[in-house]
Each structure stands twice: as structure tokens, then as C-alpha cells.
Amino acid sequence: DQQVKQNSPSLSVQEGRISILNCDYTNSMFDYFLWYKKYPAEGPTFLISISSIKDKNEDGRFTVFLNKSAKHLSLHIVPSQPGDSAVYFCAASVSGNQFYFGTGTSLTVIP
Amino acid sequence: EAGVAQSPRYKIIEKRQSVAFWCNPISGHATLYWYQQILGQGPKLLIQFQNNGVVDDSQLPKDRFSAERLKGVDSTLKIQPAKLEDSAVYLCASSLGQTKWSEKLFFGSGTQLSVL
């Protein structure tokens, strides 16, 4: 039972443009969400998080939006850079316990 | 600050053999996780420890997988006997385990297991 879904396996974006990665979840108890970035042969690294008391969190070029009624979150990267090319995973949890991960979206930023 | 250490990086075994993976979390991190990531899928939680107690092992195939975290520090994950479908990357992660909305998982580089 996949509680966290990333329906786009891949995304290609031109350098300098916006990248939008989407994530949907089914468990309404989830209240804390994270985005991770993964390069080949490395473990995932933390990117940005958001709790359910907010609908937006920003960190430099990265912004995460949370729509609780739609059970949907998105990660915006502006402007996209070639070094952003990686697999991005969203993860959800109830109060920071037992994180469930999506299947990932492979982002390619074209120079 | 040292990150999460895992070994070995790669392991190739034949089905029905046994294998063990080791993880040393970040110093001071109370929570330790083992995830299995099959190619093309997201990480799936196998087991979660808080100090040396098990918090969640509901998705651990207990007939063949076992894990321990002695003294609440490093951990070992074992598979015996291995099956072809166990081929995956095994990721260890750790977190402080203290505050609910600031928890972040720090991952090791993983062990890539191939079962032939």
C-alpha cells in the first residue's frame, strides 16, 4: 500500500527555468514532510521540510508548498541548475515518526 | 561531523547464502533506521530503533531478516538465507529522535546487494 506517491518518474527542464516536482499522499494523519535529493551511488541527502501548520517553506532556490485539503505537496526549484540533476524523493510522517518515501522523480536540468 | 557509516559498499552472494551489513550512526543520534531500496522504487522502512529498542519492524521479513542495535549505537542487519528478490540497496539512516517537526534523517551511502 503506497501511502506516498510521486506520479512523474522523470522530468526534464531547461537551465534557469523552474522545476516543479509533485507528491501526493493518502494518509490524512501525516503532518510532517521532507524532500530528499539523491545522486547515483550516494545516500539521499536532506533538502527541505514542511510541517502541517505551514503551507509554504522556502530555503534559497527551493520552496515546498503543502496543500492539506488535496493531500498534495510540491517542490519548486528556481532557477534550476545542472547540478540539480538528481532523483528527488518526498517523505511523509506522523509527527516525525516512521517516514514513508515516494518512488522518486528523476530530474534532468539541460544546460 | 562524521556522517553515517555503512559497510560493505557492495556485496554479491548466491541465493540461500547469508549476508550481514553494518551501520554506525552519527554520534548522539538516538534513532536508527534500516531501509531497503529496490531499483526504481523509493526506500522502504525495514526496521526502526530508538536507542536499542525496536520502534517498528512491521515490514521486516522476520523469517529471513534480523537486526540488532547493541548498546544503542551501531547496528547490524542480517539476511539468512538470501533470495533473489533481496537484491537492493540497503540504506541506514539516523536521526536525533527528539523533536517531532524538526526530525531529519541522515543517510549513509548504502550497501548494494546482488543475489545471484
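Those protein sequence lines, which keep their order, are chains B and P.
Once you know that position 51 of the first sequence is 51 in the numbering used here, the rest is easy, because the numbers rise by one and skip nothing.
Just add 1000 to the spot in the second sequence (first one is 1) and you have the numbering used here.
Don't be surprised by glycine CBs; every beta carbon is placed ideally from N, CA and C.
Nearest to Q14/B by CA position, among S51/B, N22/B, T26/B, P82/B, is which residue?
P82/B
Given that a residue counts as buried once 16 or more other Cβ atoms are within 10 Å of its Cβ, and exposed if not, what is S85/B?
buried
- Query: Of the residues that make up the segment 1021 to 1053 of chain P, which ones have a beta carbon closer than 7 Å to any beta carbon in chain B?
  - Reply: Q1041, G1042, P1043, L1045, Q1048
Worksheet item: Just by C-beta distance, which residues in the segment 1060 to 1083 of chain P are closer than 7 Å to chain B?
Response: none
### Message
Please list, in chain order, the chain P residues whose beta carbon lies closer than 8 Å to that of S95/B.
### Response
K1100, W1101
*asked:* Pairs of beta-carbons, one from the segment 102 to 111 of chain B and one from the segment 53 to 66 of chain B, closer than 8 Å: are there three or more?
replied: no
Notebook entry, point to check: Grouping DSSP H, G and I as helix and E and B as strand, with all else coil, what is D1057/P?
Noted result: coil
_Quick check: S1094/P and P1025/P, are their CB atoms within less than 9 Å of each other?_
yes
Closer than 9 Å by beta-carbon distance: list the chain B residues that pair up with S1109/P, in chain order.
A41, E42, G43
Along the chain, which unbroken stretches of the beta strand (DSSP E) at least 3 residues long are found entirely within the segment 22 to 88 of chain B? 32 to 38, 45 to 51, 56 to 59, 62 to 67, 72 to 77
Cβ pair Q3/B, C90/B closer than 9 Å: no
Practice item. Give the interface partners of Y32/B over in chain P, defined as CB-CB distance under 8 Å, in chain order. Key: K1100, W1101, E1103
Q) Across which residues does DSSP place E1068/P in a beta bridge pair? A) T1076/P
ask   = So the beta strand (DSSP E) L1046/P belongs to, where does it begin and stop?
value = 1044 to 1050
For this session: Would you mind telling me which residues of chain B sit closer than 7 Å to L1091/P, beta carbon to beta carbon, in chain order?
Result: G43
Which residues DSSP lists as bridging I1013/P, in chain order: V1115/P
key: Segment limits, beta strand (DSSP E) that includes N97/B   = 97 to 101
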